[in-house]
């Protein structure tokens with residue numbers, strides 16, 4: 027599954043992005059599940075607020091990391107789509 031540019035992703039009720047101080051890494055917590063995520067995924071998920079479209083998330087990341095939009099767009103849409111398939115992001 028792949029997210030579309032116009033999708034507006036959000037974390038559903040009960041799903042939270044947390045920083046685990048003990049392990050010094052981000053964790054995506056969902057009911058009865060936890061996902062260890064890397065810094066790149068955390069940067070994307072920090073922008074998932076139910077207001078921004080995938081296109082706006084890509085634009086924000088491209089500006090933050092001074093990277094061409096085309097370089098990161100597919101990865102962001104694939105990542106969000108994969109989390110939608112796992113039901114830890116909704117659109």
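Residue numbers (the working numbering): 27 to 117. Ideal placement from N, C-alpha and C gives every residue a C-beta, glycine not left out. The model shown is predicted, which means the values in this text are computed figures rather than measured ones.
(request) Please report the Cβ distance between residue 98 and residue 87, rounded to the nearest whole angstrom; I am assuming they are in contact, meaning their Cβ atoms lie under 8 Å. (result) 6 Å
(request) Just tell me which of 65, 42, 41 and 37 has its CA closest to the CA of residue 50. (result) Comparing C-alpha distances from residue 50 to each of 65, 42, 41 and 37 shows the shortest one belongs to 65.
(request) List the endpoints of the continuous beta strand (DSSP E) containing residue 53. (result) 51-56
(request) Work out the CA separation of residue 28 and residue 107 for me, nearest whole Å. (result) 4 Å
(request) Give me the Cβ distance between residue 67 and residue 105, rounded to the nearest whole Å; I'm assuming they're in contact under 8 Å. (result) 6 Å
(message) Just to confirm, is the Cβ distance from residue 36 to residue 75 under 8 Å?
(response) yes
(request) Could you say which of 59, 113 and 43 lies nearest to residue 70 if we only look at CA atoms? (result) 43
(message) One question on the structure: do residue 41 and residue 114 come within less than 8 Å of each other, judged by their Cβ atoms?
(response) yes
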